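Undergrad: If you're matching positions, the first sequence starts at 1042 in the working numbering and goes up one per residue. Attaching a single structure in C-alpha cells format; questions to follow.
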Amino acid sequence: MPTPARVRIAPSPTGDPHVGTAYTGLFNWMLARQTGGQFILRIEDTDRQRSTNESEEAILRSLRWLGLEYDEGPDVEGPYGPYRQSERSELYRTHVRTLIENGSAYPCFCTAERLSEMRALQRKEKRDPGYDGQCRSIPADEAQQRMDANEPYVIRLKVDKQGATVFQDHLRGEIRIENRTIDDQVLMKSDGFPTYHLANVVDDHLMKITHVLRAEEWITSTPKHVLLYQAFGWDLPVFCHLPLLRNSDKSKISKRKNPTSLDHYREKGYLPEAMLNFLALMGFSPAEGEGEEVFTQDELRQVFSLDRISLGGPVFDLTKLDWLNGNWIRRLDRDDLTKRIQAAIPEGPATETGFIHSVLPLVQERMKTILDYADLTDFFLAPSIHLTNESFRRAKLPSADLVRALERAHAILSEVPDLDPDRDSGRLREGAVDLGLKVGGFFMALRVAVTGKSATPPLIESMQVIGRDQSLARIQSAIDFLQSESEL
RNA sequence: GGCCCCAUCGUCUAAUCCGGUUAGGACACGAGCCUUUCAAGCUCGCGAUACGGGUUCAAAUCCCGUUGGGGUCACCA
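Laid out in C-alpha cells, this is it:
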C-alpha cells in the first residue's frame, strides 16, 4: 500500500472556472483517493484586485459538478484552516518576519517607476532582467525607520547569486537552475498580502502537503520555492509538474482559442463523467490497454499512477470528448438521463417525465450531448410541420408519386386502430410494392411528411409517440401541400 | 533573446526506465455489413517513431548535436 498523499489544488478566483483547474484537480484527486490520502482545496485569493467571490463560488460549484470531492476546503472544515489565503495574513506576516530575522529576506523601498526604468535599461543593454539588489544594502535600523514612517515597501527574497539550485521533479528527474537567473522575488506586496510564492510554500508546509502536482508553467519558479523551504529549514514535498493543456496550435490553452470555462461545458450538455474521462486521458494512460478508453471515476482512482503520465503537452481536442459524451449518455439509465435532461433544458411539454420516458428509447443512442435532446425531439410535439419541396427531395420521387405514396400510407394507417411497428411496416411495404414504388422512397416520403426531416428515429415507433390521428393529420397536410405546390 | 521543459499516426496515447513487437490501442476519417432514413453496433482499411551522428549483433528505446514546439523571465497566479 502506498503512503497516503496529502495533495491540494490552489486555484485563484479570478475568472471563470477553468478546465486547467479541473485537470490538475483530477490528477491530485486521483492520487489522494488512490493512496488513501487527502485532497485539499485552497483558494489563492491574495490578488485583491482580481479575486472575486463569484469566481470562488463558481470554482466550488464546478468541482462539485465534476465530483471532485475535497476533504478540506473553504466550505469543508479541516484541521489546517482557514483554506482561503486572504484569511491567513497573520501567518504570512510572522513567517516573513522569520525570514528577515535570519537574513533570507529584506525590505525594498524601490518605487514602481525606478523598477520599470531599471528593467528598460536592462533590456536595452541586453542583460538578464531582475531586481538589482539596491535595497539589500540599507542598514537594518534605517529600514526600520522608513517602515515606521509608513514608507511603502515590499519584502524580497535574498537570493545568493552564486551556485545553482537543484531539485527533483518526479517525472523529469533532476532540474538545475543557476542562481544568477533567480530574481530577488517579492514575497510580500506593499498591501501586506503575500505573493503566490510565499503563501504557497508556507501553506503547503503548514498544511502538511506531501506532493505538489501542478502545471508545468511552475517549473521555472520552483527554485524560488526550494530556496524558501531551505530558508525556513523545512523538508521539501515531492514536486511533480503536469503537462500543460494546449490549443490546437500547441500554445498554452487559452480562452481566445478554446472554450476554457467549465460552465461552458456544463451548459453545452456535457456530462461530468465524460469530462473527467476526457481530462484523465490527457497525459495519463491507464494501462497498456486495448479497446475503448471509457473509464469511470472509480476505475480511474484505482488504476492511476504518477508514473504513467506522459510529458508532451496534449492538445485539448474536443473530438474525443464528443464521442465519450455520447458513450456516457448511452450508459445512463432512464431515470438518470431524464433528470439530467430536465436539469439542462427549460421546462416544457418536451421535458415532462412521461414524455421523456416515451421518447428516450428512440433518441438516447442518437444524443452526443444533453442539449441534442431538444433538436432530436422537437418534431414529436410540433403543432404543425413546416414542409418545403426541398425536404422531399431525398425521397427521389416525382411529385405525383409522392402524393400517391402518401395517399396510400394514409389509407393503410387509417384502417388500423393503433400503430404496430412490425405489422404496419409490412403493410406499408406491401403498399409501396403495390404502387410500383421503391420501398426506400416510399418510407422517406412518409418520414418527411410526418416529421419534416429526412433523418429521424425509426418511423413507426416515432408515429406511435406522435399518435396515429396526429400522424394521419400530418400526412394529409403534406398531401395538401404537395398538391397546392404542383398547381403553381 | 537568456534560462527551463518537451518531441511516436490528423488528435489522445502504448511500447522508452531494464535496446530485440509485422511500432499496439482509442478518437477522427474511408469502405463494407446491418437497415425504410439517421444513429448505435460489427468488420476491414488509411495512418507515426522530426533530422543527423554515435554506442551496439540489434535503437522509437541509450548518448551527443541540430531542428521544431512550449513555458518562463511582475508588488498575477
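A virtual CB, placed ideally from N, CA and C, is assigned to each residue, including glycine. It should be emphasised that the depicted structure is a prediction, and the values quoted were computed from it without experimental measurement.
(1) Compute the Euclidean distance between the alpha carbons of I1100 and M1316, then round it to the nearest angstrom.
(2) What first and last residue would you give for the alpha helix (DSSP H) that runs through I1141?
(3) Would Y1124 and R1089 qualify as a contact pair, given that the criterion is a beta-carbon distance under 8 Å?
(4) E1331 to V1344, Cα distance in whole Å?
(5) Are H1398 and T1379 close, meaning C-beta to C-beta below 8 Å?
(6) If you draw a straight line from the C-alpha of L1523 to the C-alpha of D1465, how long is it?
(7) In this structure, what does DSSP give as the bridge partners for R1047?
(8) Assuming the contact rule is C-beta atoms closer than 8 Å, L1277 and A1063 should be a hit. Round their C-beta distance to whole Å, please.
(9) Determine the DSSP secondary structure at G1367, reduced to helix, strand or coil.
(10) So if DSSP puts Q1511 in a beta bridge, which residue, or which two residues, is it bridged to?
(11) Just curious, the alpha helix (DSSP H) that E1314 is in, first and last residue?
(12) Just to confirm, are V1491 and R1515 a CB contact at a threshold of 8 Å?
(13) If contact is defined by three or more beta carbon pairs under 8 Å, each pair taking one atom from either stretch, is the stretch 1044-1058 in contact with the stretch 1248-1260?
(14) From the DSSP output, which residues share a beta bridge with K1293?
(15) Is the separation between the beta-carbon of D1232 and that of L1198 shorter than 8 Å?
(16) Considering only DSSP beta bridges, list what Q1209 is partnered with.
(17) Quick one: what's got a C-beta closer than 6 Å to G1078's C-beta in the same chain, skipping five residues either side?
(18) Give the list of continuous alpha helix (DSSP H) stretches no shorter than 4 residues that lie fully inside the stretch 1180-1256.
(19) Using a threshold of 8 Å, state whether the C-beta atoms of T1222 and V1267 are closer than that.
(20) The alpha helix (DSSP H) that contains Y1270, what's its start and end?
(21) How should E1314 be labelled, buried or exposed, when 16 other C-beta atoms within 10 angstroms of its C-beta is the threshold for buried?
(22) Could you spell out the range, first to last residue, of the alpha helix (DSSP H) harbouring P1499?
(23) Let me know the secondary structure DSSP gives G1467 once reduced to three states.
(24) The beta strand (DSSP E) with A1146 in it runs from where to where?
(25) Using DSSP with H/G/I as helix, E/B as strand and the rest coil, what is H1282?
(26) If you count every other CB in all the chains shown that lies within 10 Å of the CB of G1324, and 16 or more means buried, which is it?
(27) Is the Cβ-Cβ distance between L1428 and A1519 less than 8 Å?
(28) Is it the case that the Cβ atoms of F1472 and I1453 are separated by a distance below 8 Å?
(29) Quick check on this structure: which residue in F1273, G1508, G1367 has the alpha carbon closest to the alpha carbon of F1420?
(30) For F1325, name the three-state secondary structure that DSSP assigns.
(31) When you compare the stretch 1455-1463 with the stretch 1384-1393, are there three or more beta-carbon pairs, one atom per stretch, that lie closer than 8 Å?
(32) Counting Cβ pairs closer than 8 Å, one from the stretch 1171-1182 and one from the stretch 1145-1155, do we hit at least three?
(33) Here's the rule: buried if 16 or more other CB atoms are within 10 angstroms of the residue's CB, otherwise exposed. What is Q1185?
(34) Please report the straight-line C-alpha distance between H1136 and D1244, rounded to a whole angstrom.
(35) Use the C-beta contact count for K1265: other C-beta atoms within 10 angstroms, 16 or more gives buried, fewer gives exposed.
(36) Go ahead and label V1195 buried or exposed: buried means 16 or more other beta carbons lie within 10 angstroms of its beta carbon, across all protein chains shown.
TA: So, to answer that:
(1) Position 59 of the first sequence holds residue 1100. Position 275 of the first sequence holds residue 1316. Cα atoms of I1100 and M1316: separation of roughly 15 Å, rounded to the nearest angstrom.
(2) As a working mapping, residue 1141 is identified with position 100 in the first sequence. Residues 1130-1142.
(3) Start at 1 with the first residue of the first sequence, and residue 1124 comes out as number 83. Start at 1 with the first residue of the first sequence, and residue 1089 comes out as number 48. No.
(4) Against the first sequence, residue 1331 aligns to sequence position 290. Against the first sequence, residue 1344 aligns to sequence position 303. If I take the Cα positions, the gap works out to 15 Å.
(5) For this step, residue 1398 is matched to residue 357 along the first sequence. For this step, residue 1379 is matched to residue 338 along the first sequence. Yes. Within cutoff.
(6) Here the question's residue 1523 lines up with position 482 in the first sequence. Here the question's residue 1465 lines up with position 424 in the first sequence. Going by the C-alpha atoms only, they are around 24 Å apart.
(7) Mapped onto the first sequence, residue 1047 falls at position 6. Beta-bridge pairing links R1047 to Q1079.
(8) Walking along the first sequence from the start, residue 1277 turns up at place 236. Walking along the first sequence from the start, residue 1063 turns up at place 22. That pair is no contact at about 27 Å.
(9) Taking the first sequence and counting its residues from 1, the one referred to as residue 1367 is at position 326. The answer is helix: DSSP assigns G1367 an H, G or I state.
(10) The residue labelled residue 1511 in the question sits at position 470 within the first sequence. Answer is none; Q1511 lacks a bridge partner.
(11) Here residue 1314 is taken as the residue at index 273 of the first sequence, counted from 1. Looking at the DSSP string, the run of the alpha helix (DSSP H) that includes E1314 is 1313-1321.
(12) On the first sequence, position 450 is the one that residue 1491 refers to. On the first sequence, position 474 is the one that residue 1515 refers to. Cβ atoms of V1491 and R1515: closer than 8 Å.
(13) yes
(14) For the purposes of this step, residue 1293 is taken as residue 252 along the first sequence, with counting starting at 1. Note: K1293 sits in a beta bridge opposite R1287.
(15) In the first sequence, residue 1232 corresponds to position 191, counting from 1. In the first sequence, residue 1198 corresponds to position 157, counting from 1. In this structure, L1198 does not lie closer than 8 Å to D1232 by Cβ.
(16) For the purposes of this step, residue 1209 is identified with residue 168 of the first sequence, where counting begins at 1. DSSP output for Q1209 lists E1215 as bridge partner(s).
(17) Within the first sequence, the letter at position 37 stands for residue 1078. These residues qualify, in order along the chain: P1045, A1046, R1047.
(18) 1181-1189, 1237-1247
(19) Numbered from its first residue, the first sequence carries residue 1222 at position 181. Numbered from its first residue, the first sequence carries residue 1267 at position 226. Against a cut-off of 8 Å, the Cβ pair of V1267 and T1222 comes out as no contact.
(20) By 1-based counting over the first sequence, the position of residue 1270 is 229. Start and end: 1263-1273.
(21) As a first step, residue 1314 is located in the first sequence; it is residue number 273 there, counting from the start. Classification of E1314: buried, given that the 10 Å Cβ count is 16 or more.
(22) For the purposes of this step, residue 1499 is taken as the residue at position 458 of the first sequence. For P1499, no alpha helix (DSSP H) encloses it, and the DSSP letter there is neither H nor E.
(23) Stepping through the first sequence from its first residue, residue 1467 is reached at position 426. Of the three classes helix, strand and coil, the one that applies to G1467 here is helix, per DSSP.
(24) For the purposes of this step, residue 1146 is taken as the residue at position 105 of the first sequence. Its beta strand (DSSP E) spans residues 1146-1149.
(25) Working through the first sequence from its first residue, we reach residue 1282 at position 241. Residue state, collapsed to three classes: strand.
(26) As a first step, residue 1324 is located in the first sequence; it is residue number 283 there, counting from the start. Under this definition G1324 is a buried residue.
(27) By one-based count along the first sequence, residue 1428 stands at place 387. By one-based count along the first sequence, residue 1519 stands at place 478. Yes.
(28) As a first step, residue 1472 is located in the first sequence; it is residue number 431 there, counting from the start. As a first step, residue 1453 is located in the first sequence; it is residue number 412 there, counting from the start. Per the sequence shown, the amino acid found at residue 1472 is Gly instead of Phe. In this structure, I1453 lies closer than 8 Å to G1472 by Cβ.
(29) One-based indexing of the first sequence puts residue 1420 at position 379. Minimum Cα distance to F1420 is reached at G1508.
(30) The residue you call residue 1325 lines up with position 284 of the first sequence. It is a strand residue.
(31) Between the stretch 1455-1463 and the stretch 1384-1393, the count of C-beta pairs closer than 8 Å stays below three; the two stretches do not touch.
(32) Touching, yes, given that three or more Cβ pairs across the two stretches are closer than 8 Å.
(33) Indexing the first sequence from 1 puts residue 1185 at position 144. Result: exposed.
(34) Here residue 1136 is taken as the residue at index 95 of the first sequence, counted from 1. Here residue 1244 is taken as the residue at index 203 of the first sequence, counted from 1. Answer to the nearest angstrom: the Cα atoms are 11 Å apart.
(35) Within the first sequence, the letter at position 224 stands for residue 1265. The residue in question, K1265, is buried, as its Cβ has 16 or more Cβ neighbours within 10 Å.
(36) Position 154 of the first sequence, counted from the first residue, corresponds to residue 1195. Classification for V1195: buried.
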